[in-house]
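J.: Here it is: the structure, laid out below.
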Amino acid sequence: MDLEVGRYLKLRQAIHQEPELGYHEFETTKKLQEFFDRSGLQFCPFPDMTGGSVLIDAGKSKTVALRADIDALPLCEDTGAAFSSKINGVMHACGHDMHTAIAAGIACELNRHRSELKCNVLVVFQPAEECSPRGGAQAVIETGVLQQNHVSEIYGLHMWPSLPVGDIELKPGAIMAASDRFRIEVQGKAAHAAEPHLGVDAISIAAQIDCALVHDLRREVDPFDPVSISIGSFQSNGRYNVICDNAVLEGTLRTTAEETRRRLHTRICEIAQGIAEVKGGRAQVKIDRGYSVVVNDASLFTKFSGFAAQHLGAPHVHTDIHSSLIAEDFCFYGTVCPALYLHVGCQSDYPLHSNRFLPNEGVLKTTIEWMVQYFLQLGES
2 MDLEVGRYLK
12 LRQAIHQEPE
22 LGYHEFETTK
32 KLQEFFDRSG
42 LQFCPFPDMT
52 GGSVLIDAGK
62 SKTVALRADI
72 DALPLCEDTG
82 AAFSSKINGV
92 MHACGHDMHT
102 AIAAGIACEL
112 NRHRSELKCN
122 VLVVFQPAEE
132 CSPRGGAQAV
142 IETGVLQQNH
152 VSEIYGLHMW
162 PSLPVGDIEL
172 KPGAIMAASD
182 RFRIEVQGKA
192 AHAAEPHLGV
202 DAISIAAQID
212 CALVHDLRRE
222 VDPFDPVSIS
232 IGSFQSNGRY
242 NVICDNAVLE
252 GTLRTTAEET
262 RRRLHTRICE
272 IAQGIAEVKG
282 GRAQVKIDRG
292 YSVVVNDASL
302 FTKFSGFAAQ
312 HLGAPHVHTD
322 IHSSLIAEDF
332 CFYGTVCPAL
342 YLHVGCQSDY
352 PLHSNRFLPN
362 EGVLKTTIEW
372 MVQYFLQLGE
382 S
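At the far end of the sequence shown sits residue 382, using my numbering, and the numbering has no gaps.
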């Protein structure tokens with residue numbers, strides 16, 4: 002397939018140089034508008050928000066969708082790339098610039114082969130994937146763009162640095178985790194450090210809660226049930242010679258089963274409050290539900306993995322994988338229609354959300370090629 006690779010790489014690098022945070026992707030949306038104007042395709046911006054969509058209308062009864070996220074992260078880039086971010090403190094550290102360029106390329110190539118399509122294809126450029134718990138997927142759904150175009154199935158992909166270019170991985174069922182944020186505030190009683198018996202040490206209580214949640218609570222969960230509990234922030238207002246009366250823990254809970262998620266919400270509260278009470282203090286627990294589990298439709302998995310094995314070669318299609326505990330707002334699309342999410346190898350020495358993450362640009366050409374072939378072979382039924 003003769004692709005206009007240079008044009009798509011140029012778009013990716015332009016987006017990478019001027020990254021924008023979720024809900025503020027104004028210049029990115031403008032770049033997409035200009036790109037599709039030059040390509041002879043109609044880009045339809047979303048009303049009252051960033052992002053938009055392009056419909057490859059082949060005049061068929063069936064419409065499928067592809068989603069690409071367009072937002073960046075609040076990090077200072079340290080990749081050394083010639084097209085590094087020009088925006089201080091913002092960079093595309095999760096590959097969304099590549100997702101966007103790949104999706105734009107797929108739209109253009111499908112348009113060139115429109116007469117061969119057996120279904121219409123809606124390409125969605127979604128804002129704010131990184132903005133949990135609201136995100137951007139729900140807002141896109143609320144615009145009605147999927148319903149108006151009668152989308153019957155939707156696909157999403159993500160750069161995956163641990164895989165080489167040309168490899169992909171996917172699985173049926175849960176592929177990405179639910180992610181919830183919790184905050185535990187411990188209230189004790191201040192006293193002089195020389196008289197600890199007159200106080201209630203909030204730091205000591207919080208430390209025991211930390212250990213109980215991060216280490217002991219995992220023992221209450223089936224070892225084959227993927228769960229992660231991490232404390233990322235431990236703060237107090239103490240002084241070196243004072244028994245501290247206040248401490249705050251903040252962390253995240255990652256689960257891949259809704260029943261486990263609900264049960265652990267309850268247990269986090271019980272454990273934190275129980276430890277605090279035994280020690281003479283109090284604990285207030287607040288849990289904010291974030292994105293839910295991304296669940297791959299079984300029939301779409303079978304259809305897609307079979308195609309991928311033929312076109313990429315079976316050794317390059319990894320299906321015997323564990324669910325990732327990273328979260329994604331692609332989960333919301335699965336509540337509207339059958340959905341499939343996959344990881345695409347981009348061969349980077351640095352992980353996602355690292356300020357040195359930089360996908361191999363070879364992933365753009367290969368992904369556009371086989372994704373275009375996939376959409377071209379989809380039937381109307």
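Positions of the beta carbon are idealized from the N, C-alpha and C atoms, including for glycine.
Alpha carbon to alpha carbon, how far is LYS287 from SER116?
T.: Using only the alpha carbons, I get a separation of about 54 Å.
J.: Kindly provide the ranges of any alpha helix (DSSP H) runs that are 4 or more residues long and lie completely inside the region 102-157, ordered along the chain.
T.: 138-144, 146-149
J.: Report the start-end ranges of each beta strand (DSSP E) in the region 266-299 that is 3 residues or longer and not cut off at the edges.
T.: As far as the region 266-299 is concerned, its whole beta strand (DSSP E) runs of at least 3 residues are 283-290, 295-297.
J.: For VAL364 versus MET99, is the C-beta distance shorter than 8 Å?
T.: yes
J.: Is ALA191 near ILE244, with beta carbons less than 8 Å apart?
T.: yes
J.: For a minimum of 4 consecutive residues, which ranges assigned as the alpha helix (DSSP H) are wholly contained in the region 307-337?
T.: Inside the region 307-337, DSSP marks no whole alpha helix (DSSP H) run of 4 or more residues.
J.: Going by C-alpha distance, which of GLY174, ARG357, TRP371, VAL249 is nearest SER325?
T.: Per the Cα distances, GLY174.
J.: Please state whether the Cβ-Cβ distance between GLY60 and GLN127 is less than 8 Å.
T.: no
J.: Taking 6 Å as the limit between beta carbons, can you name the residues of its chain near ASP246, skipping five residues before and five after?
T.: GLY189, LYS190, ALA191, ALA203
J.: Whether or not the region 309-328 and the region 141-150 are in contact is what I'm after, with contact meaning three or more pairs of Cβ atoms, one per stretch, closer than 8 Å; do they touch?
T.: no
J.: Roughly how many angstroms lie between the CA atoms of PRO165 and GLU26, to the nearest whole one?
T.: Cα-Cα distance, rounded: 30 Å.
J.: Could you give the distance in angstroms between the alpha-carbon of GLU19 and the alpha-carbon of GLY136?
T.: 21 Å
J.: Using CA coordinates, which residue listed in LEU379, GLY106, ARG262 is at the minimum distance from GLY291?
T.: ARG262
J.: Can you tell me whether ILE71 is helix, strand or coil according to DSSP?
T.: When DSSP states are grouped into helix, strand and coil, ILE71 belongs to the coil group.
J.: Give the single residue among GLU170, ALA104, LEU22 whose Cα lies nearest to the Cα of PHE302.
T.: It is GLU170 whose Cα lies nearest to the Cα of PHE302.
J.: Taking 8 Å as the threshold, find out whether the region 32-39 comes into contact with the region 101-109 through three or more Cβ pairs.
T.: yes
J.: Evaluate contact between the region 352-368 and the region 77-84, counting only Cβ atoms and requiring at least three cross-stretch pairs below 8 Å.
T.: Touching, per the Cβ criterion.
J.: List, from N- to C-terminal side, the beta strand (DSSP E) runs of 3 residues or more that fit wholly inside the region 162-221.
T.: 174-177, 179-188
J.: Thinking C-beta only, is ALA138 closer than 8 Å to THR257?
T.: no
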